[in-house]
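K.L.:
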Amino acid sequence: MKIIGTAGHVDHGKSTLIAALTGTHPDRLKEEQEREMTIDLGFGWLTLPDGEEIGIVDVPGHRDFIENMLAGVGGIDAALLVIAADEGLMPQTREHLAILDLLQIPLGMIVITKVDLIDDPAWLDLVESDVRAAVKDTVLRNAPIVRVSARTRLGLDALLSTLSDLLKQKPARLDLGRPRLPVDRVFTMSGFGTVVTGTLLDGHLSLGDEVQVLPSGLAGRIRGLQTHKKKEEQAQPGSRTAVNISGISTEQVRRGEVLVHPGQYLPSRRLDARLRLLKDIASPLKHSSEVKVFIGASETIAALRLLDAEELSPGDESWIQLELRDPVVAVRGDRYILRRPSPGETLGGGVIVDAQPKDRHKRFDNEVLKSLLALMQGSPADILFEAALALQSAPAIEIIKRSRLEDRTARLALDELLADGRLVTLEDGLIIAQPFLNELLAKVRKLLDDFHHQFPLRRGMSREELKSRLKVSPRLFNPLMKHFAKLGVLIESDSLVAVPGHQVRFDDNQQSQANALLRKFAQNPYAPPTIKECKAEVGDEIFNALLEMDQIIAVSAEIAFRKQDYDLMVKSIREAIQAKGQISLAEARDLFETSRKYVQALLEHLDSIGVTQRAGDYRKLST
């Protein structure tokens, strides 16, 4: 699931556009509805033309609520920069655009709204030209532009189609097995208790999981999960998720805290980061300045330590250390935004390179600066791991080639990653990234569990069907199945795959039908009902279950025998041939006092499995 977010100046039609697309207005607060202005985050969802369901975060456009906007925009996959046709670029448009660029939101599109208010096409062309000039040095430089009217619905189909194409460029978020949900809303539901919402990152949450709220450290348990108001057993990375928690009251949780699995994250009061200042800030930024820091949904005050300068001018970059008033939960690679507390102004932002620095760094220390640069670029292990993630599974030589590391360095990094379990070696020399392996493991379990639930009378899913539904390369499938079998996740038998412990079991009604059919076989053991007659009487599922349980043996597409009758017939054929050296079809028919069609099917079956071989009109035992 992917999440998009709106951005743009106040009253440019963001919320109205979302209402036109989803049928639900995102402004939920009474004050928002009275003032016709978004104050806090709003949420919605819609289904794209290709059937994909996406979440929407609608953010405030008014400068007074820019910090509420920052709480919602960090976890999105794509941005809709909304610009009203009658006003064009405005101050908050430019500030929101700068924030999207600082956060490096990977995808985006530009929506020119309220085109029904403009009669002159040349004016719209001029607005587009201004927009292109404004975005040319940002992440939206190549963003498509769509003209729409929420009131007349002009262009909405084109917007959805363009958005669908755009999101296909964004792969699904990987499950790294370490979920974190930055909390952007906290409320109570009658009869349920505390509910928190946010965009789930880096892992999945499941019903019954023990969870912890950081930085407070409060512990609870998940009693309910919802995505877009649908109950879920498991919430996936990248989804807008509502979590009903037991053991924690609403008064104990606030926006900006993070819901995690216990023991996987540590709060920090100090961060090392790379900072880029915006080019149009009002005044230089000095060492030891007080700043507001926004990471995920959190906001706190920090003292800014410039590590390689006394002050920064607009547009400058620097290594910084932030000493935070309140602890936050962050990881290397997270993006952040800095604002001046008073007067309020977005200063810049960048990327965290160390979320748990051990020390307060000495300023202007070349060794410290070299270390930070290496962290930003990534250690050899980090670089190799990113290459493995991109390839998902590949031989070591392919991963090393993609990483562009020197061979000896890459080999040492590979040993490190294999030793700590971030990479796993499969048979046939394939190496797979642990997050991708976890993702496939969860998918295989779900596919098999769903199959057993849907077809309880089948021993398992065919390998070919599982390979088709798992959608992995043929090169990966066989080693993957062997690995999962070693882990005890699945068992394979006769080209079928099942979860360990699964058994075909009839309910009372099914068992009664099966017993009635088997009695008919017993009444005429050598001339039983045909397969067509059997299926007409008990249905395909019960009959196929009897086959899989070896209570019935099919010898052709039309003929089957009870297992005990089949075994006796095979034994009798063997003994007859051993006594006379051979047996004809007519002799076999007389042996069992049955008709030609039954004996012919049996003898051809025995030929096919290598018990007998045909010699003219006779059968002999295979040698």
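Residue numbers (the working numbering): 2 to 624.
All C-beta atoms, glycine included, are put in the ideal place defined by N, C-alpha and C.
Since this is a predicted model, take the numbers as computed values, not measurements.
1. DSSP three-state label for Met-2, please.
2. What is the rounded straight-line gap between the Cα of Ala-8 and the Cα of Ile-338?
3. Could you spell out the range, first to last residue, of the alpha helix (DSSP H) harbouring Tyr-599?
4. Cβ of Asp-591 versus every heavy atom of the ligand FAD: is any distance shorter than 7 Å?
5. Ordered along the chain, which non-local residues of its own chain (more than five positions away) have a Cβ less than 8 Å from that of Lys-564?
6. Using three-state DSSP, classify Leu-127 as helix, strand or coil.
7. Report the partner residues of Leu-219 according to the DSSP bridge assignment.
8. Tell me the DSSP secondary structure of Leu-82 in three-state form.
9. From the DSSP output, which residues share a beta bridge with Gly-45?
10. What distance in whole Å lies between the Cβ atoms of Gly-14 and Pro-183, which are believed to be in contact at a cut-off of 8 Å?
11. Which term fits Arg-142, buried or exposed, when burial requires 16 or more other beta carbons within 10 angstroms of its beta carbon?
12. I need the straight-line Cα distance from Ser-557 to Ser-585, nearest angstrom please.
13. Determine the DSSP secondary structure at Gln-393, reduced to helix, strand or coil.
14. Please state whether DSSP places Arg-459 in a helix, a strand or coil.
15. Is it true that the CB of Ile-578 sits closer than 8 Å to the CB of Gly-621?
16. Rounded to whole angstroms, how far is the Cβ of Val-212 from the Cβ of Leu-167, which I believe are closer than 8 Å?
17. Going by beta-carbon coordinates alone, are Asp-87 and Ile-119 separated by less than 8 Å?
18. In terms of DSSP beta bridges, what is Val-425 paired with?
19. Compute the Euclidean distance between the alpha carbons of Gln-512 and Arg-520, then round it to the nearest angstrom.
20. How far does the alpha helix (DSSP H) with Asn-245 in it extend, from its first residue to its last?
21. With a Cβ-Cβ cutoff of 8 Å, do Lys-280 and Pro-238 count as a contact?
22. Between Ser-247, Ile-146, Gly-156 and Leu-202, which has its C-alpha nearest Phe-193's C-alpha?
23. Using the rule of at least 16 other Cβ atoms within 10 Å of the residue's Cβ for burial, across every protein chain shown, is Asn-510 buried or exposed?
24. Could you have a look at Glu-233 and say whether DSSP puts it in helix, strand or coil?
25. So within the region 342 to 381, which uninterrupted alpha helix (DSSP H) runs reach at least 4 residues, ignoring any that extend past its ends?
26. Shortest alpha-carbon distance to Thr-25 belongs to which of Val-11, Gly-45 and Asp-12?
27. Excluding five sequence neighbours on each side, which residues of the same chain lie with their C-beta closer than 6 Å to the C-beta of Arg-64?
28. Report all residues from its chain with a CB closer than 8 Å to the CB of Glu-311; omit the five preceding and five following residues, and keep chain order.
29. With a threshold of 6 Å on Cβ separation, who are the neighbours of Ile-19 within its own chain once the five nearest residues in sequence on each side are excluded?
30. Using CA coordinates, which residue listed in Trp-124, Gln-105 and Asp-117 is at the minimum distance from Thr-139?
31. Going by beta-carbon coordinates alone, are Ala-391 and Ala-414 separated by less than 8 Å?
32. Taking Leu-424 as the reference, which of Leu-161, Leu-177, His-453 and Leu-406 has the closest Cα?
33. Cα-Cα, which of Gly-617, Phe-295 and Glu-346 is closest to Pro-328?
34. Counting Cβ pairs, one atom from each stretch, are 3 or more of them under 8 Å apart for the region 395 to 413 and the region 362 to 374?
35. Going by beta carbon distance, what residues of the same chain come within less than 7 Å of Leu-215, once the five residues before and after it are set aside?
36. Ignoring anything shorter than 3 residues, give me the beta strand (DSSP E) runs that lie fully in the region 84 to 122, in order along the chain.
P.N.:
Straight from the coordinates:
1. Locating residue 2 in the sequence shown gives position 1, counting from the first residue. Of the three classes helix, strand and coil, the one that applies to Met-2 here is coil, per DSSP.
2. Here residue 8 refers to the residue found at position 7 of the sequence shown. Here residue 338 refers to the residue found at position 337 of the sequence shown. Straight-line Cα distance between these residues: approximately 15 Å.
3. For this step, residue 599 is matched to residue 598 along the sequence shown. Per DSSP, Tyr-599 belongs to the alpha helix (DSSP H) from 597 to 609.
4. Judged by which ligands are present, the structure shown has none, so any question about the ligand FAD falls away.
5. As a first step, residue 564 is located in the sequence shown; it is residue number 563 there, counting from the start. Only Asp-551, Gln-552, Ile-553 and Ile-554 meet the Cβ criterion.
6. Here residue 127 corresponds to residue number 126 of the sequence shown, with the count starting at 1. The answer is helix: DSSP assigns Leu-127 an H, G or I state.
7. Taking the sequence shown and counting its residues from 1, the one referred to as residue 219 is at position 218. DSSP output for Leu-219 lists Val-214 as bridge partner(s).
8. Numbered from 1 along the sequence shown, position 81 holds the residue referred to as residue 82. Looking at Leu-82 - three-state DSSP - the assignment turns out to be strand.
9. Counting from one through the sequence shown, the residue named residue 45 turns up at place 44. DSSP lists Ile-57 as partners of Gly-45.
10. Mapped onto the sequence shown, residue 183 falls at position 182. Mapped onto the sequence shown, residue 14 falls at position 13. In fact, because the Cβ distance is near 28 Å, the residues do not count as touching under 8 Å.
11. Along the sequence shown, one-based indexing puts residue 142 at 141. It counts as exposed.
12. One-based indexing of the sequence shown puts residue 557 at position 556. One-based indexing of the sequence shown puts residue 585 at position 584. So the two alpha carbons sit approximately 19 Å from each other.
13. Position 392 of the sequence shown, counting from 1, holds the residue named residue 393. Note: Gln-393 maps to coil in three-state DSSP.
14. As a working note, residue 459 is residue 458 in the sequence shown. Three-state DSSP puts Arg-459 in coil, outside helix and strand.
15. Locating residue 621 in the sequence shown gives position 620, counting from the first residue. Locating residue 578 in the sequence shown gives position 577, counting from the first residue. Reading off the sequence shown, one finds Lys at residue 621, where the question assumed Gly. Yes, these two residues count as a Cβ contact at 8 Å.
16. For this step, residue 212 is matched to residue 211 along the sequence shown. For this step, residue 167 is matched to residue 166 along the sequence shown. Actually they are not in contact, since the Cβ atoms of Val-212 and Leu-167 sit about 33 Å apart, beyond 8 Å.
17. Position 86 of the sequence shown, counted from the first residue, corresponds to residue 87. Position 118 of the sequence shown, counted from the first residue, corresponds to residue 119. Contact flag set, yes.
18. Within the sequence shown, residue 425 is the residue found at index 424, counting from 1. Answer by DSSP bridge pairing, in chain order: Ile-433.
19. Residue 512 sits at position 511 when you count from the first residue of the sequence shown. Residue 520 sits at position 519 when you count from the first residue of the sequence shown. About 12 Å.
20. Locating residue 245 in the sequence shown gives position 244, where the first residue counts as 1. That residue, Asn-245, is in no alpha helix (DSSP H); its beta strand (DSSP E) goes 241 to 247.
21. Within the sequence shown, residue 280 is the residue found at index 279, counting from 1. Within the sequence shown, residue 238 is the residue found at index 237, counting from 1. Not in contact: Lys-280 and Pro-238 (Cβ atoms no closer than 8 Å).
22. To locate residue 193, count along the sequence shown from 1; it is residue 192. Phe-193 has its Cα closest to that of Ser-247, out of Ser-247, Ile-146, Gly-156 and Leu-202.
23. Position 509 of the sequence shown, counted from the first residue, corresponds to residue 510. Classification of Asn-510: exposed, given that the 10 Å Cβ count is below 16.
24. Counting from 1 along the sequence shown, the entry for residue 233 is found at position 232. The answer is coil: DSSP assigns Glu-233 none of H, G, I, E or B.
25. 367 to 378
26. For the purposes of this step, residue 25 is taken as residue 24 along the sequence shown, with counting starting at 1. Closest option to Thr-25, Cα to Cα, is Gly-45.
27. Position 63 of the sequence shown, counting from 1, holds the residue named residue 64. Here Arg-64 scores only 45 on pLDDT, less than 50, and its place in the model is too uncertain to base an answer on.
28. The sequence position of residue 311 within the sequence shown is 310, counting from 1. If we look at Glu-311 and ignore the five residues flanking it on each side, its Cβ neighbours are Lys-287 and His-288.
29. On the sequence shown, position 18 is the one that residue 19 refers to. Closer than 6 Å at the Cβ level, and outside the excluded window around Ile-19, lie Pro-27, Gly-45, Ile-57 and Asp-59.
30. Counting from 1 along the sequence shown, the entry for residue 139 is found at position 138. Nearest option by C-alpha distance: Gln-105.
31. As a position in the sequence shown, residue 391 is number 390, starting the count at 1. As a position in the sequence shown, residue 414 is number 413, starting the count at 1. It is not a contact, given that the beta carbons lie outside the stated cut-off.
32. Residue 424 sits at position 423 when you count from the first residue of the sequence shown. The shortest Cα separation from Leu-424 among Leu-161, Leu-177, His-453 and Leu-406 belongs to Leu-177.
33. On the sequence shown, residue 328 is found 327 positions in, with the first residue counted as 1. Considering only alpha carbons, the answer is Phe-295.
34. no
35. Position 214 of the sequence shown, counting from 1, holds the residue named residue 215. Excluding residues within five positions, the ones whose Cβ falls inside 7 Å are Glu-258, Val-259, Val-261, Tyr-266, Pro-268 and Val-330.
36. 108 to 114
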